[in-house]
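Note sheet for the following structure.
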Amino acid sequence: MAPSSLLPKSRKYILSLPKSSIDSLQQGRMAGLPNESAAYLFGNIAEREGKIMIHVEIIIPARLQQATPSSFEIDPKDQYLKLKEMEKASLELVGIAHSHPGRQFVSATDRHFMKNPGPFTKICWLIVGEYNNAIEIGAYYIVDGEIHQIPIHLHGKNGA
Ligand SMILES: [Zn+2]
Numbered sequence: 053m054a055p056s057s058l059l060p061k062s063r064k065y066i067l068s069l070p071k072s073s074i075d076s077l078q079q080g081r082m083a084g085l086p087n088e089s090a091a092y093l094f095g096n097i098a099e100r101e102g103k104i105m106i107h108v109e110i111i112i113p114a115r116l117q118q119a120t121p122s123s124f125e126i127d128p129k130d131q132y133l134k135l136k137e138m139e140k141a142s143l144e145l146v147g148i149a150h151s152h153p154g155r156q157f158v159s160a161t162d163r164h165f166m167k168n169p170g171p172f173t174k175i176c177w178l179i180v181g182e183y184n185n186a187i188e189i190g191a192y193y194i195v196d197g198e199i200h201q202i203p204i205h206l207h208g209k210n211g212a
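As numbered in my numbering, the sequence shown has no gaps in its residue numbers, which increase by one up to the final residue, 212.
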């Protein structure tokens, strides 16, 4: 079992990803190896039947100013520009994705950045890894001050 399976789970929040994003997440991960890579999740958040749907419309690779096999640091200028650009399309930053060279799980570093004030504290974290030659993804969100794993739904068509 992945270490993340030890985290509490919440069903109040749902991360909804385009089906086509799975391939691009995997490609981003491969491109970053042996280091981590990152991408912005742009979309909208809507409440439906008491659940919060984090709906991702588009995933855009992030330019990093630093990356190691266990950490990543996004170029703040790149982040500013991408946010401005997406604002015109009425899309907000609803999540941040990053990849691990190995399995997906919330590392001590991830935990630090999720829980301490910073640019990505209040949004969903999507972690992309690999296990048995298959992509492995997990979505995490702070619920009542603690990191919870949340379900992932896929929407739309397959393919790019
Ligand atoms: Zn991580």
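Yeah, the Cβ is synthetic: ideal placement off N, Cα and C, and Gly gets one too.
- Remark: the shortest separation between the CB of histidine 207 and any heavy atom of ligand 1 does not fall under 7 Å.
- Less than 8 Å separates the beta-carbon of isoleucine 97 from that of isoleucine 104.
- Across the structure, lysine 136 and glutamine 156 are spaced so that their CA atoms are roughly 30 Å apart.
- Distance from the Cα of aspartate 196 is smallest, within the candidate group Arg100, Lys167 and Thr120, for Lys167.
- Sorted by position in the chain, Ser159 and Asp162 make up the residues whose C-beta lies under 5 Å from a heavy atom of ligand 1.
- Closest in C-alpha terms to lysine 174, from the list Asn185, Gly154, Ala83 and His200, comes His200.
- Taking the Cα of asparagine 185 as reference, the smallest distance to any Cα among Ser142, Met82 and Met138 is reached at Met82.
- Apart from the 5 residues on each side of it in sequence, phenylalanine 172 sits with its Cβ closer than 6 Å to the Cβ of Ile148 in its chain, given in chain order.
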